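Plus 3 on top of the position in the sequence shown (first one is 1) and you've got our numbering.
Think of the CB as a built atom: it goes at the ideal place given N, C-alpha and C, for glycine as much as any other residue.
Nothing here was measured: the structure is a model prediction, and the numbers come from that model.
Just below is one structure, and these are the notes that go with it.
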Amino acid sequence: ESGLYLVATPIGNLEDITLRALRVLKSADVILAEDTRHSGKLLRYYNIKTPLLSYHKFNEAQREAAILQKLHQGQTIALISDAGTPGINDPGAELAKLCAGENIPVIPIPGPSALVTALSASGLPTNEFTFVGFLPKHAGSRRERLLVASDQTETQIFYVPPHKLQEFLDEALPVFGDSRLCVIARELTKLHEEFWRGTLGEANRIFSSRHPKGEITVIVEGKEKFVAETPSESELEHELRSFVSN
Ligand code: SAM
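What follows is the structure, given as structure tokens:
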């Protein structure tokens, strides 16, 4: 079937790609890649010789008309990003929207995504979660976003660039409190994969001297759902009085 294929690619380990993804990448008319040099490695590894075209946040708007035209002509276009699932904090979402609006089939080829990979092995509740992704650049908006996250009962998932881990921990600590559990999932599927688990307080202390390298997903436990209510003194007094007066 012709259309736009959103093809998930590995988040580190080159073996994490599906047979279907490989078949689609081999048979597509063109592959749109976020970084053609980076994706070139994956495609060479699997001996895929489909023509590559760059498609990233700086040229997506100007490429769109030509891509839609190719799709209307019945071409098969595969879109890949540098890592993981296209459209998830990566190019792809806008093109999917445009195609959907023009009745062009959008076909997802599922595969890895760092958020699900980290969450599944985190040990934190997986039944309800919020994917926050990257925090805003502006310090004020960042704090606001953290405040919202800290009040939610679902597990909270963040993408954190390695050089921003300390800033993240410094800013999250006073907002979430130091006993909130967190999992720092680093270099998933790669040689130095690590799951650090502990409280935000411990994380802040330990990582301030570690300066870890590589890609990081941080997961923070949701706010406690049911806080046991302890009656206030005035409530107790009120109950006592009505008891006595009866
Ligand atoms: N589209 C990707 C996906 O589906 O996961 C996400 C792309 S986003 C630009 C890149 C961020 O994802 C990184 O900064 C990091 O927070 C997270 N990430 C990607 N690969 C990872 C890995 N191997 N281990 C931990 N986090 C990773």
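Helix, strand or coil: which one does DSSP assign to residue i?
i      : result
SER57  : strand
ILE107 : coil
LEU9   : strand
GLY77  : coil
GLY43  : helix
THR120 : helix
ALA36  : strand
GLN159 : strand
GLY95  : coil
ILE70  : helix
GLY136 : strand
LEU149 : helix
LEU127 : coil
LEU17  : coil
GLY114 : coil
GLY87  : strand
Since I believe residue j is in contact with residue i (beta carbons under 8 Å), could you give me their beta-carbon distance rounded to a whole number of angstroms?
i     : j      : result
ALA81 : LEU28  : 6 Å
VAL33 : GLN76  : So it is not a contact: roughly 12 Å between Cβ atoms.
LEU36 : LEU55  : One detail in the question is off: residue 36 reads as Ala in this sequence, not Leu. Sure, about 5 Å apart at Cβ, within 8 Å.
GLY15 : PRO108 : Not really, about 30 Å apart at Cβ, beyond 8 Å.
Just to confirm, does residue i get its C-beta within under 7 Å of one of the non-hydrogen atoms of ligand 1?
i      : result
TYR49  : no
ALA81  : no
PRO164 : yes
THR133 : no
THR39  : no
ALA24  : no
LEU118 : yes
THR129 : no
GLU63  : no
LYS52  : no
ASP19  : no
ILE219 : yes
SER250 : Any property of residue 250 remains undetermined from this structure, which presents the chain solely from 4 to 249.
SER57  : no
GLU190 : yes
LYS60  : no
GLY77  : no
LYS167 : no
THR88  : yes
LYS193 : yes
ALA206 : no
Confirm the yes/no value for this check: CB of residue i, any heavy atom of ligand 3, distance under 7 Å.
i      : result
ARG183 : Among the ligands in the structure shown, ligand 3 does not appear; only ligand 1 can be found there.
Inset, instruction - Mind the definition here: the segment 199-207 touches the segment 183-190 only if three or more C-beta pairs lie below 8 Å; say whether that holds. - result: yes
Legend entry - the segment 75-89 in contact with the segment 107-119 per 3-pair CB rule at 8 Å: With the cut-off at 8 Å, the segment 75-89 and the segment 107-119 touch.
Inset, instruction - Write down every uninterrupted run of the beta strand (DSSP E) in the segment 163-245 whose length is 3 residues or greater and which is fully enclosed by it, in chain order. - result: The beta strand (DSSP E) runs lying completely inside the segment 163-245 and spanning 3 residues or more are 184-189, 197-202, 219-223, given in chain order.
Legend entry - Three or more C-beta pairs below 8 Å linking the segment 161-177 and the segment 209-220: yes
Inset, instruction - Could you say if the segment 163-170 and the segment 212-229 meet the contact criterion of at least three C-beta pairs nearer than 8 Å? - result: Yes: the two stretches touch, three or more of their Cβ pairs being nearer than 8 Å.
Inset, instruction - Report yes or no: do three or more beta-carbon pairs, one from the segment 10-24 and one from the segment 41-57, lie closer than 8 Å? - result: yes
Legend entry - Segment contact, 8 Å Cβ cut-off, at least three pairs: the segment 94-107 with the segment 57-71: yes
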